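Below is one structure, written out as structure tokens, with a few remarks after it.
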Amino acid sequence: MPARRPPEPDRRETLSSSLGEFHGWSSRVSAKDGADDPPPLSRLRGERRTVRRTASNQDVQGFVAAREQHWHKLLQELIRIPSTFKCEQAMVARVAAHLESLGVGIRRFPHYSHQLKDQPAAQPPFSAAPGRYSLSARIPGSGGGRSLILSTHMDVVPEGNEAEWTHPPFSGHIDEPAGVIYGRGATDDKAGVVAALALLEIICHLPLRLRGDVICQFVLEDEITGNGTLLCLKDGPRADAAFIIDGTRLNRAINQHAGNVEFGIVLKGKPASVGVSHVGVNAAEMLARLVLHIRDAVFALNAERSELWKQFPSPFQISLQEIESVGRQLTVPDLARARFYMTFPPPFTLASMRELVTESAAKFCAAYGLEGLVRFDWDGFAVEPIMAECPSLEAVLQECATGAGLGSINIGPSTGTSDMRHFVAAGIPCLLYGPGDGGNPHRMDEFYKLADLSKVILLYTAVIQRWCGTAV
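Position 165 of the sequence shown, counted from 1, bears residue number 164 in numbering that gives the first Met the number 0, the numbering being contiguous throughout.
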């Protein structure tokens, strides 16, 4: 773990709240800092004057309007930086540079595989690739208010077959008439990263004078293990509540998740010549039949799903990820393997779903004479269903959404998974909300509607003020 840095001085009271100071930033920034980045706060130290009040709503709206196009360009730049598992170093460096340009102190949390393996809550796979860090930035409040974490993730899932994209997956192509930006991570979750960076900019530079601390996390491995958030909470600052800016449109928030488990099956057959295959046991064919048998057993649970989960047609899911076998020349294959992901809502647990699957497989094996020839490998990602109890946080979000003219937010469960489990385990109330309207996450032609970026920034600005409290 890197040495703890001394707390940053609270510079917000020494900065001018005049929006005029921000015009012309792009002409004062070198190319290496990134187009249109604001100058570090150190450059403004000669412009000190006491701020007598926190920014008004009109100040915030004017600031967001003035900076909106800059944030669109920043989102485009971040989309153009591929950040799949083990290849996130350039993205981390760019986000860290932006935080430094804001004058915000950064803590880096290295993803050391040997240390993560010793953490009970850490999930495989563990990478030994160097230079991989999750980041945290904290802006201290004046005291007497509630603290808040805003969590986003810098990693993305692989782009898949580039030929199937309408625009190259890391182009950040903007369709101006439609107001849409395309690219891997556009909505999941680089729009969330930009929203968090924009909120830090507002707090520092407008400024917002808050009573409670605001902590922004920019994590790795949300898409694969969740270990980035685990590291930030284990060794970094905690808070009274948290929002994860990931996974929802502006009319939807998530307060609970289904469980998820990855597992494997190995089936041993009996070799024979393909000319007399009936005297052998074809492992490939038998595993294919077993896969469908287990799938039917899992999907049958949807008929009895609980009332809350009836909003989803099939919250019980099992997805075959890969299946393979190799037969020697002119010989029936005698070994086959498969890997799965399985999703399940409460009241089912990891233990009960494992029992259901293994019992289903045992019945199949008994029917086909395969006793002792099937092995389960419960060696992958595994998380229980989780629910965050956060009525006060939900009330603040609803109140601010109504005030912003967004109407009531539907707060409920999701069949996906997220890092919410780490906040719940730490006793921190948590909701997923934002970054707004988009589409095709984990699919080709992922996109984000740029108009929602300023909306989510303005809403979170109100949420921060309401939750943390404003200083006089």
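Ideal Cβ placement from N, Cα and C applies to all residues, glycine included. None of the values given here were measured: they were computed from a predicted structure.
Alpha carbon of residue 307 to alpha carbon of residue 251, nearest angstrom
15 Å
Confirm, please, whether the CB-CB distance from residue 217 to residue 165 is below 8 Å.
no
Within the chosen definition, does the region 246-265 reach the region 405-417 through at least 3 CB pairs nearer than 8 Å?
yes
Are residue 228 and residue 433 close, meaning C-beta to C-beta below 8 Å?
no
Please name the residue in 461, 454, 265 whose C-alpha comes closest to that of residue 70.
454
Minimum length 3: unbroken beta strand (DSSP E) runs contained in the region 344-399
373-376
Please state if the CB of residue 445 and the CB of residue 185 are separated by a distance shorter than 8 Å.
yes
Assuming residue 189 and residue 77 are in contact, meaning their beta carbons sit under 8 Å apart, how far apart are those beta carbons, in whole angstroms?
5 Å
To the nearest angstrom, how far is the alpha carbon of residue 215 from that of residue 118?
23 Å
Alpha helix (DSSP H) segments (min. 4 residues) lying fully within the region 182-251
190-204, 226-234
Our contact map puts residue 205 next to residue 62 with C-beta atoms below 8 Å; I'd like the distance itself, whole angstroms only.
5 Å
For residue 199 and residue 394, the rounded distance between their alpha carbons:
23 Å
Give every residue of the same chain whose Cβ lies closer than 6 Å to the Cβ of residue 321, excluding the five residues on either side of it in the sequence, and list them in chain order.
338
For residue 261, which of helix, strand or coil comes out of DSSP?
strand
If you draw a straight line from the C-alpha of residue 32 to the C-alpha of residue 441, how long is it?
Unreliable positioning characterises residue 32 in this predicted model, as indicated by a pLDDT of 37, which lies under 50. The coordinate reading is nonetheless provided below. Approximately 30 Å between the Cα atoms of the pair.
Does the pairing of the region 258-271 with the region 373-393 give three or more beta-carbon distances under 8 Å?
yes
Cα-Cα separation, residue 463 to residue 213:
8 Å
Count the other CB atoms, across all protein chains shown, that sit within 10 Å of the CB of residue 281; report buried if there are 16 or more and exposed otherwise.
buried
Run the CB neighbour count on residue 324, radius 10 Å, all protein chains shown included, and call it buried at 16 or more, exposed below.
buried
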